[in-house]
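J.: Just dropping this structure here.
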Amino acid sequence: MAILPRHNPTFRPLHHARLSHHNSLPARIYCSTTTTPAKPSRDQIIKRPTIVPAALVQTAATVSTRPVLNDPSLQSTWSHRVWVASGCTTVLISLSKSLTTAVDSHIWIEPILAGFIGYVLADLGSGIYHWGIDNYGDSETPFFGKQIEAFQGHHKWPWTITRRQFANNLHALARAVTFTVLPLDLICNDNAVLHGFVGVCSGCIMFSQQFHAWAHCTKSKLPAAVVALQDAGILVSRSQHAAHHRSPYNNNYCIVSGVWNEILDNSKFFEAMEMILFFKLGVRPRSWTEPNSDWTEETESASLISEL
Amino acid sequence: MSSFSLPTNHTLPSLLHYHTPKATLSQNPSLLPKSSQSQFLGLKLSNSSPLSIPSSSYVKGSIVAKITEGSLAPAFTLKDQDGKTVSLSKFKGKPVVVYFYPADETPGCTKQACAFRDSYEKFKKAGAEVIGISGDDPSSHKAFKQKYKLPFTLLSDEGNRVRKEWGVPADLFGALPGRQTYVLDKNGVVRLVYNNQFQPEKHIDETLKFLQSA
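Protein chains in written order, with UniProt numbering: chain S, 1 to 308; chain H, 1 to 214.
And the structure:
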């Protein structure tokens, strides 16, 4: 991961946070709004949104004091849907290979266990990646710049993730999963354990953005099954993830199940990593500085949501 | 993750050369392999950590000497946050809490400094002075002290010479300067050594408890 000395990121209009655990391509960041922030004096927001595939229409930023909730950039395009379909296909191929090989070989425990390990490690990976992107680099960082910017935008306007359509939300991770899992689907055959692990791990990573979005929803707006999974600790809970969006913004980084959050936070894992990077490379993580507009949620926007 | 009097069991001891013979005759038996001991005939080496099992690099012949309970704290003269030289001897005649911390403006060190600040009156009431030492330069200390309104002295141990001399163990396989606090009595003898990297506020609790019970 590129780690650069921290300097003030260039603010852009709201970008949606993305996680790309196995991202082998630059992540595409979409503006979830095209408006300027409520208080222009606080931030130097560049009103023009970042344009991602050229075919997509990026609505020019309107000078407004509040985000537009039905902004087209929150909606899914066919490109998004294609990537999500391809990501799902590669994951399903991996899972079906695992299943068929398991049936042929009469083994069950090992592939299931491998799948479970994949689920558990996906959560750990999501946390470490999220920690890195949240704390280091900025919009100019090679390869990761747009994601870093998006994560910062997500911290400013966390609620917009709940307004983003499904494929729009997942497509960046789906693309990363496609490029990572497809080779494994093609090369590795007859390996129920490997495909069990890969299928579940990549599936969890791809859907982590959906789990993330659900963690930002209010309970009343969620399907009962999702609430049940959150309450059971199978998906990251709303309360756990809410803690990540509160000062000092240095905990609860994992967003698949959140099972690693307590261990990582209590063991001061990230604090130790931050200290090591500080002493070895001289870089300070963003979470060490006083909360500023990089992190602070725009509460005016939140109150707008409640009016809808 | 904390320990009294001994380097914490999750750190490896720093590798030092013992060069202040009048300090430290530890009562604890040395755990060093014979090859190291034979290089310092006549000097009893103190390495009392129960878990300082020599690693392969450790056994190469470096000598560990550290200040432990009962040691006479070695004298030092360092610059404070205003650039003035301060000697440890200046504080003789009253108990002193000397705390070594990794760096200014890091989360743990800030918590620790603020905790010492918030309990400073209690330390004063116990008759003790507080001194913080890190490898940062005086200007860093000055900014840190001003920002958090710290009422005590911060000393610049540039090059970490005093840290090494006192044998403050590093953490995470040497990647991180250790966080260790010494309570010296009015004669300059170490009465308590407390080490805890990731629970910095405990340094205040433990040292205050010790001073108040003494």
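Don't be surprised by glycine CBs; every beta carbon is placed ideally from N, CA and C.
Note that this is a predicted model, so its numbers are computed, not measured.
For residue 176(H), go through chain S and note every residue whose CB falls closer than 7 Å to its CB, in chain order.
T.: Near residue 176(H) (Cβ distances below 7 Å), the residues of chain S are 275, 276 and 279.
J.: Compare the C-beta of residue 210(H) with all C-beta atoms of chain S and state if any pair is closer than 8 Å.
T.: Residue 210(H) does not count as touching chain S.
J.: Less than 6 Å between C-beta atoms, sequence neighbours within five positions excluded: which residues of the same chain meet that for residue 101(S)?
T.: Hits under 6 Å: 190 and 192.
J.: Can you give the Cα-Cα distance for residue 104(S) and residue 112(S), rounded to whole angstroms?
T.: 15 Å
J.: Under 8 Å between beta-carbons, which chain A residues line up against residue 288(S)? List them in chain order, please.
T.: The structure shown has no chain A; the protein chains it does contain are S and H.
J.: Take residue 260(S) and list the residues in its own chain whose beta-carbon comes closer than 7 Å to its own, dropping the five residues that flank it on each side.
T.: 123, 124, 127 and 254
J.: With a cut-off of 8 Å, do at least 3 Cβ pairs link the segment 81 to 88 of chain H to the segment 113 to 123 of chain H?
T.: Result no; under three Cβ-Cβ pairs closer than 8 Å.
J.: What residue range is occupied by the uninterrupted alpha helix (DSSP H) comprising residue 165(H)?
T.: Start and end: 161 to 166.
J.: Whole angstroms is fine: what's the gap from residue 7(H)'s alpha carbon to residue 130(S)'s?
T.: Low local confidence applies: a pLDDT of 42 at residue 7(H) is under 50, so the model's placement there is unreliable, and no value is given.
J.: Between which two residues does the beta strand (DSSP E) carrying residue 133(H) extend?
T.: 129 to 134
J.: Taking C-alpha atoms, which residue in 231(S), 79(S), 272(S) and 268(S) lies nearest to residue 169(S)?
T.: 79(S)
J.: If residue 200(H) and residue 108(H) are in contact, beta carbons under 8 Å, what's the gap, nearest whole angstrom?
T.: 5 Å
J.: With distance defined between alpha-carbon atoms, name the residue in 77(H), 122(H), 87(H) and 102(H) nearest to residue 181(H).
T.: 102(H)
J.: Can you name the start and end residues of the alpha helix (DSSP H) that residue 79(S) belongs to?
T.: 78 to 105
J.: What in chain H is Cβ-close to residue 271(S), meaning under 8 Å?
T.: Residues of chain H whose Cβ lies closer than 8 Å to the Cβ of residue 271(S) are, in chain order, 107, 108 and 198.
J.: For residue 108(S), count neighbouring Cβ atoms within 10 angstroms of its own Cβ and tell me buried if that reaches 16, exposed if not.
T.: exposed
J.: Can you tell me the Cα-Cα spacing of residue 248(S) and residue 218(S), whole angstroms?
T.: 23 Å
J.: Between the C-alpha atoms of residue 281(S) and residue 238(S), what's the straight-line distance to the nearest angstrom?
T.: 35 Å
J.: Report the neighbours of residue 268(S) on chain H: residues whose CB is nearer than 7 Å to its CB, in chain order.
T.: 198
J.: Cutting at 6 Å between CB atoms, please list the residues of its own chain near residue 202(S), excluding the five before and the five after it.
T.: 91, 177 and 181
J.: Per DSSP, what kind of secondary structure is residue 8(S) in: helix, strand or coil?
T.: Because the pLDDT at residue 8(S) is just 40, under 50, the model does not fix this residue reliably, and the point stays unresolved.
J.: Could you tell me whether the Cβ of residue 215(H) comes closer than 8 Å to any Cβ of chain S?
T.: In the structure displayed, chain H extends from 1 to 214; residue 215(H) sits before or after that span and is not available.
J.: Which chain S residues are close to residue 150(H), counting only those with a beta carbon under 8 Å from its beta carbon?
T.: When 8 Å is used as the limit between beta carbons, residue 150(H) is near no residue of chain S, the shortest such separation being about 17 Å.
J.: Between 258(S), 209(S) and 87(S), which has its C-alpha nearest residue 151(S)'s C-alpha?
T.: Nearest of 258(S), 209(S) and 87(S) to residue 151(S), Cα basis: 209(S).
J.: Going by alpha carbons, who is nearest to residue 160(H) out of 72(H), 78(H), 69(H) and 173(H)?
T.: 78(H)
J.: In chain S, which residues lie with their C-beta within 9 Å of the C-beta of residue 216(H)?
T.: Chain H is shown from 1 up to 214; residue 216(H) falls before or after that span and cannot be answered.
J.: Could you give the C-beta distance for residue 69(H) and residue 190(H), rounded to a whole number, given that I count them as a contact under 8 Å?
T.: The distance from the Cβ of residue 69(H) to that of residue 190(H) is about 6 Å, consistent with a contact at the 8 Å cut-off.
J.: Any idea what DSSP makes of residue 84(H), helix, strand or coil?
T.: It is coil, neither helix nor strand.
J.: Give me, in chain order, the residues of the same chain whose beta-carbon lies closer than 7 Å to that of residue 127(H); leave out the 5 immediate sequence neighbours on both sides.
T.: 94 and 95
J.: How many angstroms separate the CA atom of residue 153(H) from the CA atom of residue 187(H)?
T.: 20 Å
J.: Within 10 angstroms of the Cβ of residue 36(H), are there 16 or more other Cβ atoms? Answer buried if so, exposed if not.
T.: The predicted position of residue 36(H) is uncertain, since its pLDDT is 39 and thus under 50; a value taken from the coordinates is nonetheless stated next. So residue 36(H) ends up on the buried side.
J.: Considering only residues of the same chain and omitting the five flanking positions on each side of residue 156(H), which have a CB-CB separation below 7 Å?
T.: 78, 79, 136, 137, 138 and 141
J.: What residues of chain S sit near residue 102(H), judged by a beta carbon separation below 8 Å?
T.: 275 and 279
J.: For residue 155(S), count the other beta carbons within 10 Å of its own beta carbon; 16 or more makes it buried, fewer makes it exposed. Which is it?
T.: buried
J.: Which stretch, first to last residue, makes up the beta strand (DSSP E) that contains residue 100(H)?
T.: 96 to 100
J.: Spell out the partners DSSP gives residue 77(H) in its beta bridges.
T.: 87(H)
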